[in-house]
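Only one structure is covered here, and it is reproduced in the block below.
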Amino acid sequence: MDLFPSMPLAQWIDDFVDWLNNAEFIFDGIEAFISFLLLILTESLGVIPEWIFIIALTVVTFIFGGRKTGLALFVLIGLFFIDNLNYWDDMILTLSLVLSATMISVLIGVPIGIWMSKNNILEQIIKPILDFMQTMPAFVYLIPAVAFFGIGMEPGVVASVIFAMPPTIRLTNLGIRQVSSEVIEASDAFGSTAGQKLWKVQLPMARTTIMAGINQTIMLALSMVVIASMIGASGLGEQVYYAVGRNQAGQGFEAGIAIVILAIILDRITQSIGSSSR
Amino acid sequence: MSKINVEGLTKIFGKKTKQARELLNEGSSKDEILQKTGCTVGVNNASFDVEEGEIFVIMGLSGSGKSTLVRLLNRLIEPTKGSVQLDGKDLAKMDTKTLREVRRTDMSMVFQKFGLFPFRTVASNVEYGLEIQGVDRLERREKAEKSLELVGLKGYEDKFPDELSGGMQQRVGLARALANDPEILLMDEAFSALDPLIRKDMQDELLDLQQTMKKTIIFITHDLDEALRIGDRITIMKDGAIVQIGSPEEILTNPSNDYVEKFVEDVDRSKVYTASNVMVRPETVNIEKEGPRVALKRMRDANISSIYVTNRNRKLLGIVHADQVSDLVKNNKDDLEEVLEADVPTVTSETPVTEIMEMLATSGVPIAVVDNDRLNGIIIRGSMLAALTGVEVNEDGSVS
Ligand SMILES: Nc1ncnc2c1ncn2[C@@H]1O[C@H](COP(=O)(O)OP(=O)(O)OP(=O)(O)O)[C@@H](O)[C@H]1O
Ligand SMILES: [Mg+2]
């Protein structure tokens, strides 16, 4: 195998990353946007007193989550438990990280999914890229994230977006393609413009599927929080990361449970929104 | 001018349409073309006119191209060749904006599987066409309610489609199409998904509505009974081509080829036939110049026991029976009037066959078909049976 000199792939990618650094102003802009988003989320979620937050989320889950008492009860007890373990502030940080990563993923992913659904060639091109994005070990995304955004919450958000966005794109595409041809014909036959068809027919019809994609995106983003803490993202992930470093099983476990509770709450809420009829 | 004018309309699905077109021109069949080029011939060189206010039925077996044809009419499918003219305007030459305008105001479509928007209420489904035209909320709600009332769904405004039965959902589909008040309704197997009883109701309802609406309706079906019930004219398609266009009468009585005949075979003729379809030419005597002897000879020749009596203008006067006429001859009397029986069973040529059957069962003499006093024909049991079973009936009532 020495016959062929090994391909300098790493060198090429390094060069590419260096070259991308020239576009620093773009990354500065992105970073500023993410910082702003994080700030709004942490501040607005953080100022709410714990008990109001807990009660409000419980009520909201109950009303919008299909009026399931068990779910509401779980939210109530779960959040109280997190507060009781003194992870409230970390939870708010993690929630902000996850929510901003999700928002950005939706903002970028849904339009890409829509575009992809209307163009077969584009679908052929994007699908393997999505596979690639999802199979690549999540750690790898930390490297360019650090390269362009330094350390802290912002690169954590960026890495999470790259890792978590594919399901939203995929399922938006799928959802729109699945809309029955007769309904599409109906909207065409009545003289809808492309925009009217999209907003009044395709997106509402694909809503359940798109929400399933967003749900997966949230879960993936949440699974990134511990990894993101390696590049300085604070929150529950950081607590786990520290605990691992200091060999404190108890603390690590507490923070881990808090993440699980948060995961279950987010999962159930988004699932309910997706499946609640109409 | 016709409302819709279709000229040489062809649709070929697939990649090698050029090659397929050449083969089609050379007269290759749909199967051959599919084998050689992988292209499917959807519609093959269809030409016809649809007049304003008529119900134009397109009929054919599954895969014969009905849906493709109707979708070419509002350009949901782009034609490979040929033209569709709407009030003299060529649909193919319209830009997207004009086409959209045509779809919004001139023609609406009703779908086989309803095509309702499941996440919208009944009323908001019906409003859809108006909503995308930017009609304001109150006005479109008002129109939607009117059109729901028209199809008998008042009170269901706030239900969702999946809360309604199939028949009701199709009414919503119809209401949605009517709400735009289009001149043309395209109905693709609109009633096929409904069970037979509801289906008949819907047919009646459509006919009722049509009495007042006077729309131009293109109605697709694969059911001949349905076609005969509602169609003013019927088009029969096979493998994408039109094989016959005609009134229900013409299709039934004069199928242009085996294919049409196959279709027609199964139909319950008693539902669509009238006296004129089952009558035969009567033997008569003209009382003004013919006497008992001529009458008797004519009855013997035709091997019948009674004969209808008319005047010079073929006005029906009555019937005479062979035994009484021969008494007259024996007694050397000349006037048929003496034995003339004026009270005879009569129908008009429009009387449906179902009514005539009852009369035939009780009447001892043939039934006279009389229009404006004139005797146009008679119906005897033989001619009736023959016509209903689709066998040719000769002029004299015998069966060939
Ligand atoms: N989008 C399409 N792509 C390729 N072939 C098609 C397409 N749509 C229809 N066809 C073909 O065109 C032919 C006519 O189909 P069409 O749907 O018009 O038939 P139909 O008379 O409406 O049948 P049915 O009674 O089953 O609805 C069929 O052979 C069908 O396979
Ligand atoms: Mg069809």
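Protein sequence lines correspond, in order, to chains G and E. So in full-length UniProt numbering, spot 92 of the first sequence is number 92, and the numbers just go up one at a time. So in full-length UniProt numbering, spot 275 of the second sequence is number 275, and the numbers just go up one at a time. We put the CB at the ideal spot given by N, CA and C, even for glycine.
So, does the CB of residue i fall closer than 8 Å to a CB anywhere in chain E?
i, result
"residue 191 of chain G", "yes"
"residue 188 of chain G", "yes"
"residue 183 of chain G", "yes"
"residue 179 of chain G", "no"
"residue 204 of chain G", "yes"
"residue 196 of chain G", "yes"
"residue 261 of chain G", "no"
"residue 157 of chain G", "no"
"residue 110 of chain G", "no"
"residue 201 of chain G", "yes"
Given this structure, state the Cα-to-Cα distance separating residue i from residue j, to the nearest angstrom.
i, j, result
"residue 383 of chain E", "residue 301 of chain E", "19 Å"
"residue 294 of chain E", "residue 341 of chain E", "18 Å"
"residue 269 of chain G", "residue 217 of chain G", "14 Å"
"residue 161 of chain G", "residue 168 of chain G", "11 Å"
"residue 393 of chain E", "residue 386 of chain E", "Confidence at residue 393 of chain E is low in this model, with a pLDDT of 49, below 50, so the placement of that residue should be treated as unreliable; the coordinate-derived value is given next. Rounded to the nearest angstrom, the two C-alpha atoms are 6 Å apart."
"residue 41 of chain E", "residue 195 of chain E", "31 Å"
"residue 36 of chain G", "residue 29 of chain G", "11 Å"
"residue 327 of chain E", "residue 372 of chain E", "33 Å"
"residue 19 of chain E", "residue 173 of chain G", "35 Å"
"residue 230 of chain G", "residue 238 of chain G", "8 Å"
"residue 118 of chain G", "residue 205 of chain G", "15 Å"
"residue 397 of chain E", "residue 3 of chain E", "Note on residue 397 of chain E: pLDDT 46, under 50, position unreliable in the model; the coordinate value appears next. Looking at the two C-alpha atoms, the distance is approximately 43 Å."
"residue 62 of chain E", "residue 240 of chain E", "11 Å"
"residue 434 of chain E", "residue 260 of chain E", "As displayed, chain E neither begins before 1 nor continues past 400, which places residue 434 of chain E out of reach and without an answer."
"residue 156 of chain G", "residue 219 of chain G", "15 Å"
"residue 173 of chain E", "residue 317 of chain E", "55 Å"
"residue 187 of chain E", "residue 224 of chain E", "16 Å"
"residue 345 of chain E", "residue 277 of chain E", "18 Å"
"residue 112 of chain E", "residue 102 of chain E", "22 Å"
"residue 229 of chain E", "residue 83 of chain E", "30 Å"
"residue 208 of chain G", "residue 61 of chain G", "18 Å"
"residue 395 of chain E", "residue 348 of chain E", "With a pLDDT of only 49 at residue 395 of chain E, under 50, the local geometry of the prediction cannot be trusted, and the value read off the model is given with reservation. Using only the alpha carbons, I get a separation of about 19 Å."
"residue 139 of chain G", "residue 21 of chain G", "20 Å"
"residue 164 of chain E", "residue 116 of chain E", "11 Å"
"residue 7 of chain E", "residue 170 of chain G", "44 Å"
"residue 247 of chain E", "residue 219 of chain E", "14 Å"
"residue 244 of chain E", "residue 116 of chain G", "45 Å"
"residue 167 of chain E", "residue 68 of chain E", "24 Å"
Given the structure, does residue i come close to ligand 2, in the sense that its CB is under 7 Å from one of the ligand's heavy atoms?
i, result
"residue 67 of chain E", "yes"
"residue 189 of chain E", "yes"
With a cut-off of 8 Å, does the C-beta of residue i fall near any C-beta of chain G?
i, result
"residue 74 of chain E", "yes"
"residue 156 of chain E", "no"
"residue 132 of chain E", "yes"
"residue 109 of chain E", "yes"
"residue 137 of chain E", "no"
"residue 65 of chain E", "no"
"residue 101 of chain E", "yes"
"residue 113 of chain E", "yes"
"residue 308 of chain E", "no"
"residue 219 of chain E", "no"
Thinking residue i and residue j are a contact (beta carbons under 8 Å), I'd like their distance in whole angstroms, please.
i, j, result
"residue 127 of chain E", "residue 140 of chain E", "5 Å"
"residue 209 of chain E", "residue 175 of chain E", "Contact flag wrong, Cβ pair sits at about 11 Å."
"residue 57 of chain E", "residue 227 of chain E", "4 Å"
"residue 403 of chain E", "residue 237 of chain E", "One cannot answer for residue 403 of chain E here, as it falls past the ends of chain E, which runs 1 to 400."
"residue 36 of chain E", "residue 24 of chain E", "Going by Cβ atoms, the distance from residue 36 of chain E to residue 24 of chain E rounds to 11 Å, so no, they are not a contact pair."
Can we count residue i as close to ligand 1, meaning its CB is less than 7 Å from some heavy atom?
i, result
"residue 6 of chain G", "no"
"residue 213 of chain G", "no"
"residue 38 of chain E", "no"
"residue 56 of chain E", "no"
"residue 63 of chain E", "yes"
"residue 42 of chain E", "yes"
"residue 60 of chain E", "yes"
"residue 111 of chain E", "no"
"residue 149 of chain G", "no"
"residue 13 of chain E", "yes"
"residue 321 of chain E", "no"
Quick check for students: name the residue ranges of the beta strand (DSSP E) that lie wholly in the stretch 141 to 192 of chain E, counting only runs of 3 or more. 184 to 188
Starting from the N-terminal side, write out each stretch of the beta strand (DSSP E) that is 3 residues or longer and does not extend beyond the stretch 40 to 86 of chain E. 40 to 50, 55 to 60, 81 to 86
Note down, one range per segment and in chain order, each beta strand (DSSP E) of at least 3 residues found wholly within the UniProt domain "CBS" (278 to 336) of chain E. 284 to 286, 306 to 310, 316 to 321
Starting from the N-terminal side, write out each stretch of the alpha helix (DSSP H) that is 4 residues or longer and does not extend beyond the stretch 85 to 140 of chain E. 96 to 105, 122 to 131
Which runs of the beta strand (DSSP E) fall wholly inside the stretch 206 to 235 of chain E and span at least 3 residues, in chain order? 216 to 221
Which parts of the stretch 141 to 212 of chain G are runs of the alpha helix (DSSP H), unbroken and 4 residues or longer, counting only runs that do not cross its ends? 142 to 149, 153 to 164, 166 to 178, 181 to 189, 194 to 197
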